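Asks: Submitted below is the structure of interest, expressed as structure tokens.
Residue numbers (my numbering): 298 to 523.
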């Protein structure tokens, strides 16, 4: 396949944006209730590929494109462009464990990182979901030991300060989760499906984090670290 920018679908989308979308302002687009309704859709829980698994989110997912500078025609043209780029086939290949990472000649296993326990995703003959959850279990157990004060630092004292170093999504992802949990009221289970009070359950995230500090560093630049 050649460049996606050389396709008829790309040309149609570019012409549509130039002629119809570019002259308009989002402020005026938002005054059209029919447009707003047409650019929202709800994916019901029945469409969740992981439905039936107790760790899967039971609620629907709302997709809202109305706050983008686009129209109903824009959405249709974007879908046409996605088909031209063979995105449905690539999604199926990713979930099928095919080697899409050409640089390292390996599977792209993002779905396995998000799959509930019990889902099977084969890559090179191995069920990688079970391996992911084995690692998640170790992370959970370590976190509980830190939170309860059982895990001590080199000085023999409980850990109170954590610096998370990451670049791109590895920086923003944990930061967004941390921000969201600051106002969460759900209690923290000691173990999924089986709370254990000695491991810090019965507390909200903010209560469990009391007297602790979490800092985020987007790179290892000394200036940034200072």
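Each residue gets a CB set at the ideal place from its N, CA and C atoms; glycine is no exception. These numbers come from a predicted model, not from an experiment.
Considering only their Cβ atoms, is the gap separating residue 467 from residue 483 smaller than 8 angstroms?
Replies: Contact: no.
Asks: Can you check which of these residues, 422, 364, 358, is closest to residue 330 by C-alpha distance?
Replies: It is 364 whose Cα lies nearest to the Cα of residue 330.
Asks: From this set, 370, 366, 341, which residue's C-alpha is nearest residue 357's C-alpha?
Replies: The shortest Cα separation from residue 357 among 370, 366, 341 belongs to 341.
Asks: Residue 397 and residue 404 - do their beta-carbons sit closer together than 8 angstroms?
Replies: A contact, by the Cβ cut-off of 8 angstroms.
Asks: What is the DSSP secondary structure of residue 419, reduced to helix, strand or coil?
Replies: Strand at residue 419.
Asks: What does a CB cutoff of less than 8 angstroms around residue 313 pick up in its chain, not counting 5 residues either side in sequence?
Replies: Hits under 8 angstroms: 370, 371, 374.
Asks: Taking residue 308 as part of the alpha helix (DSSP H), name the residues at either end of that continuous run.
Replies: That run of the alpha helix (DSSP H) goes 305–313.
Asks: Would the stretch 450–458 and the stretch 425–438 be scored as touching if the rule is three or more Cβ pairs under 8 angstroms?
Replies: In short, these stretches do not touch, since the Cβ pair count stays below three.
Asks: Is the distance from the Cβ of residue 301 to the Cβ of residue 381 below 8 angstroms?
Replies: Yes, they are a contact pair.
Asks: Between residue 392 and residue 402, what straight-line distance do the alpha-carbon atoms span, to the nearest angstrom?
Replies: Distance between the alpha carbons of residue 392 and residue 402: 16 angstroms.
Asks: Alpha carbon to alpha carbon, what distance is there between residue 367 and residue 513?
Replies: Residue 513 and residue 367: Cα-Cα distance of roughly 35 angstroms.
Asks: Is any heavy atom of the ligand ATP found at a distance shorter than 7 angstroms from the C-beta of residue 385?
Replies: Because no ligand of any kind appears in the structure shown, any question about the ligand ATP cannot be addressed here.
Asks: Is the distance from the Cβ of residue 417 to the Cβ of residue 426 below 8 angstroms?
Replies: For residue 417 and residue 426, yes; Cβs fall inside 8 angstroms.
Asks: Do you know offhand how far residue 305's Cα is from residue 383's?
Replies: Between residue 305 and residue 383, the C-alpha separation is close to 14 angstroms.
Asks: Along the chain, where does the alpha helix (DSSP H) containing residue 381 start, and where does it finish?
Replies: 369–381 is the extent of the alpha helix (DSSP H) around residue 381.
Asks: Could you say which of 442, 448, 445, 395 lies nearest to residue 423 if we only look at CA atoms?
Replies: Answer by Cα proximity: 395.
Asks: For residue 406, count the other beta carbons within 10 Å of its own beta carbon; 16 or more makes it buried, fewer makes it exposed. Which is it?
Replies: It counts as buried.
Asks: Do you know offhand how far residue 461's Cα is from residue 511's?
Replies: So the two alpha carbons sit approximately 7 angstroms from each other.
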